[in-house]
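Participant: Before anything else, here's the structure in question.
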Amino acid sequence: MKGVVFDMLRDMVEASWGLEGWNAVLEEAGSEGLYISTQTYPDEELQALVEVAVKVTDQDAATLVFSFGEFMAGEFYQRFPGFFDAADNLLDFLYSVDQIVHLEVRKLYPDAQLPEFTYNRENADEMTMHYRSPRKLCWLAEGLISGSARHYGSFIEMHHSPCMHDGADHCSIRIRVVE
Ligand code: HEM
Ligand SMILES: [Zn+2]
106 MKGVVFDMLR
116 DMVEASWGLE
126 GWNAVLEEAG
136 SEGLYISTQT
146 YPDEELQALV
156 EVAVKVTDQD
166 AATLVFSFGE
176 FMAGEFYQRF
186 PGFFDAADNL
196 LDFLYSVDQI
206 VHLEVRKLYP
216 DAQLPEFTYN
226 RENADEMTMH
236 YRSPRKLCWL
246 AEGLISGSAR
256 HYGSFIEMHH
266 SPCMHDGADH
276 CSIRIRVVE
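Read in order, the letters of the sequence shown are residues 106 to 284 in the numbering used here.
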C-alpha cells in the first residue's frame, strides 16, 4: 500500500489520540513510521498498524477501518478536489472511481495496487458497486462511500451482500440515496 495511505492513518490517529497515541501504535507495531507518499510499503505493515490501533482505541477492526475510510474521503478531497468537483452528485462520483479516479491514480503511482469496481445503476437513486481486491478492504470501501456521501450532503443506506469475508469471490455494496 502507498505511503500516502499510511500518512492518512497517522493523521487520523493523531487527530484523536495525539502524537503520543500514534507513537504508541508505532512502537507496539515495531514500525519506524517514516513514510514517503509515493513509495510502496508492505500490506502486512498497514495490517499490523491497524491491529495495534484496534487495541489502543478499543474498537473492532470493522469499525476502525470504516472510520478510516470516512476520514480518507476527506483527505482525498483536500488532496484531489478535482475528482469530486467533476461530478454533480454522489452516485456519478462513485461511478467515476474505477475508470477515472483510480485510472488517474495509476498514472501518478504506476505500481499502485488498486481494487476493481464494476457497477449496476438500478435507477436515479440506487447503484450497486461490485468490489474485487485480494485485500478484502470492503469496510474501507464502505467508509469511503460514507465519507463521500457526506461531502455531497447526501444521506444514504448501504446494503452489503455478498461479502468476501463470508467466502464470496467479491463484495456487492448497494447504495440508496434517501435524500
Ligand atoms: C478522489 C478520490 C480517490 C482517490 C484519489 C483514491 C486513491 C486511492 C489510492 C492512492 C489508493 C491506494 C493504492 C495503493 O496503495 O496501492 C486507493 C485504494 C483504495 N481505494 Fe481509492 N481513491 C479515491 C476514491 C475512492 C472511493 C470513493 C472508493 C470507494 C468506493 C475507493 C476505494 C478504494 C479501496 C477499497 C482501496 C484499497 C485498496 C484495495 O481495496 O485493494 N477509492 N485509492
Ligand atoms: Zn465485503
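Glycine residues also receive a C-beta, built at the ideal position from the N, C-alpha and C atoms. Values in this document were obtained by computation on a predicted structure and should not be read as measured data.
#1: In chain order, what residues place their C-beta within less than 6 Å of a heavy atom belonging to ligand 2?
#2: Where in the region 192-218 do unbroken runs of the alpha helix (DSSP H), each at least 4 residues long, occur, reported from the N-terminal end onward?
#3: So what's Met263 in DSSP terms, helix, strand or just coil?
#4: Can you confirm whether Met113, when its beta carbon is compared against all beta carbons of chain D, has any partner nearer than 8 Å?
#5: When you compare only the Cα positions, how much space is there between Gly174 and Ser253?
#6: Once the 5 residues before and after Val206 are set aside, which same chain residues still bring their CB inside 6 Å of it?
#7: Please identify the residue among Thr143, Leu131, Arg279 and Val202 whose C-alpha is closest to the C-alpha of Asn228.
#8: Within 10 angstroms of its Cβ, does Lys107 collect 16 or more other Cβ (buried), or is it exposed?
#9: Starting from Met117, trace the alpha helix (DSSP H) both ways and give me its first and last residue.
#10: Where does Gly248 land, buried or exposed, given buried means 16+ other C-beta within 10 angstroms?
#11: In whole angstroms, give me the CA-to-CA distance for Gly126 and Val118.
Facilitator: Once the coordinates are examined:
#1: For ligand 2, the residues with a Cβ under 6 Å from any of its heavy atoms are, in chain order, Cys243, His265, Cys268, Met269, His270 and Cys276.
#2: Those alpha helix (DSSP H) runs which fall completely within the region 192-218 and span 4+ residues are 195-201 and 207-213.
#3: Against the sequence shown, residue 263 aligns to sequence position 158. Note: Met263 maps to strand in three-state DSSP.
#4: The structure shown has no chain D; it contains just one protein chain.
#5: Mapped onto the sequence shown, residue 174 falls at position 69. Mapped onto the sequence shown, residue 253 falls at position 148. The straight-line gap from Cα to Cα measures roughly 9 Å.
#6: In the sequence shown, counting from the first residue as 1, residue 206 sits at position 101. Cβ neighbours of Val206 beyond the five flanking positions: Phe188.
#7: Against the sequence shown, residue 228 aligns to sequence position 123. By alpha-carbon distance to Asn228, the top candidate from Thr143, Leu131, Arg279 and Val202 is Arg279.
#8: Within the sequence shown, the letter at position 2 stands for residue 107. Counting Cβ neighbours within 10 Å, Lys107 comes out buried, since at least 16 surround it.
#9: Here residue 117 corresponds to residue number 12 of the sequence shown, with the count starting at 1. Per DSSP, the continuous alpha helix (DSSP H) segment holding Met117 begins and ends at Gly108 to Ala134.
#10: Locating residue 248 in the sequence shown gives position 143, counting from the first residue. Residue burial is scored here from C-beta neighbours: Gly248 has at least 16 other C-beta atoms within 10 angstroms and is therefore classed as buried.
#11: Sequence index remark: in the sequence shown, residue 126 carries index 21 (1-based). Sequence index remark: in the sequence shown, residue 118 carries index 13 (1-based). Using only the alpha carbons, I get a separation of about 7 Å.
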